[in-house]
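Novice: This is the structure I have questions about; it appears just below.
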Amino acid sequence: MIHYYRKGTAPRTFVLFHGTGGTEEDLVSIGNMLDPEAHILSLRGEVNENGMNRFFKRVAEGVFDEEDLKMRAERILQEIERLLTHYGLEETALYSAGYSNGANIIAGMLYLFGDVFQKSILFHPMVPLKSGAALSLDSTEIFIGAGLNDPIVPYDNTTQLMQELSRQGAFVTMKTYEMGHRLTLEEVEDAKAWYSAR
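According to my numbering, the sequence shown is numbered sequentially starting from 27.
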């Protein structure tokens, strides 16, 4: 899997997931803002949708190919485990951050595999699977950034995601913003403040 790796100085690894049309370099600066000492492992989605990179297929705007999501979530988890071993990071705390499609694949992994990340930052995510989350998330802390006027992600959908993750035991903090689907500096700074305080 195409990826970017930056060696850190702390026993923490941040796995980053870009939005639709992005690359493995898109969120590196945000990862650096969140934790300049952490190892950074940023992945490129393997699905090509009209020239745009994604982490899983969709059948329409906001309608996911759930079987493809499940298959790719498992493949991505295996790839993360392989890369952690490759870079000697198996003993580090594992965190994740993603925007839009990247946030959705993280949410899908949490639904499917439970406590795979100790902390996750989800910028503008949606409910990934209609079946809901099934496994315990008692060891997971999650920050969700949502747009009140997001034209792509309905606010009610993100609220449902927060409720489903909380129901499985995750400690979820959700903040809302006025800037639609855009990822703003205010949102990143709020995520950093949340992350630094925990």
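For glycine and all other residues, C-beta sits at the position ideal for the given N, C-alpha and C.
1. For Val198 and Ile178, which I take to be in contact (beta-carbon distance under 8 Å), what is that distance rounded to the nearest angstrom?
2. Among Thr185, Gln144 and Leu187, which residue has its Cα nearest to the Cα of Ala123?
3. Enumerated in chain order, which unbroken segments of the beta strand (DSSP E) with a length of 3 residues or greater are wholly contained in the segment 34-97?
4. Assuming the contact rule is C-beta atoms closer than 8 Å, Leu110 and Phe139 should be a hit. Round their C-beta distance to whole Å, please.
5. At a threshold of 8 Å, does Asp164 count as lining the ligand NAD (C-beta to nearest heavy atom)?
6. Helix, strand or coil: how does DSSP classify Glu167 here?
7. Tell me, which residues are paired with Thr111 by DSSP?
8. What do you get for Met152, buried or exposed, if any count of 16 or more other CB atoms within 10 angstroms of its CB means buried?
9. Exposed or buried, Met97, counting other C-beta atoms within 10 Å across all chains shown (16 or more means buried)?
10. In the DSSP output, what is Met200 paired with across the bridge?
11. Pull the bridge partners of Lys145 from the DSSP assignment, please.
12. Would you mind working out which of His207, Pro154, Ala217 and Lys33 sits nearest Asp94, comparing C-alpha positions?
13. Leaving out five residues on either side along the sequence, give the residues of the same chain with a beta carbon under 6 Å from the beta carbon of Ala217.
14. Name the one or two DSSP bridge partners that His29 has.
15. Going by beta-carbon coordinates alone, are Leu191 and Leu136 separated by less than 9 Å?
16. Give the secondary structure of Thr210 by DSSP, where H, G and I count as helix, E and B as strand, and everything else as coil.
17. Report, in whole angstroms, the separation of the C-beta atoms of Phe43 and Phe81, which I expect to be a contact under 8 Å.
18. If you compare alpha carbons, which of Met59, Arg38 and Leu69 is closest to Ile28?
Specialist: According to the structure shown:
1. Taking the first residue of the sequence shown as position 1, residue 198 is located at position 172. Taking the first residue of the sequence shown as position 1, residue 178 is located at position 152. With a Cβ gap of about 21 Å, Val198 and Ile178 do not count as contacting.
2. Taking the sequence shown and counting its residues from 1, the one referred to as residue 123 is at position 97. For Ala123, the nearest C-alpha among the options comes from Gln144.
3. 38-43, 65-69, 73-75, 78-80 and 84-86
4. In the sequence shown, counting from the first residue as 1, residue 110 sits at position 84. In the sequence shown, counting from the first residue as 1, residue 139 sits at position 113. So it is not a contact: roughly 15 Å between Cβ atoms.
5. Absent from the structure shown: the ligand NAD. Ligands present: none.
6. On the sequence shown, position 141 is the one that residue 167 refers to. Strand at Glu167.
7. On the sequence shown, residue 111 is found 85 positions in, with the first residue counted as 1. DSSP lists no partner for Thr111.
8. By 1-based counting over the sequence shown, the position of residue 152 is 126. Burial call: buried.
9. For this step, residue 97 is matched to residue 71 along the sequence shown. Exposed, since its Cβ has fewer than 16 Cβ neighbours within 10 Å.
10. Counted from its first residue, the sequence shown places residue 200 at position 174. Answer by DSSP bridge pairing, in chain order: Ile170.
11. For the purposes of this step, residue 145 is identified with residue 119 of the sequence shown, where counting begins at 1. Per DSSP, Tyr121 and Glu167.
12. Locating residue 94 in the sequence shown gives position 68, counting from the first residue. Residue Pro154 is the option with its Cα nearest to Asp94.
13. Working through the sequence shown from its first residue, we reach residue 217 at position 191. Ile147 and Phe169.
14. Numbered from 1 along the sequence shown, position 3 holds the residue referred to as residue 29. Paired residue(s): Leu69.
15. Numbered from its first residue, the sequence shown carries residue 191 at position 165. Numbered from its first residue, the sequence shown carries residue 136 at position 110. Yes, the pair counts as a contact, with Cβ atoms nearer than the cut-off.
16. One-based indexing of the sequence shown puts residue 210 at position 184. DSSP places Thr210 in coil when its eight states are reduced to three.
17. As a working note, residue 43 is residue 17 in the sequence shown. As a working note, residue 81 is residue 55 in the sequence shown. Phe43 to Phe81, Cβ: 6 Å. Contact.
18. The residue given as residue 28 occupies position 2 in the sequence shown. Cα-wise, what sits closest to Ile28 is Leu69.
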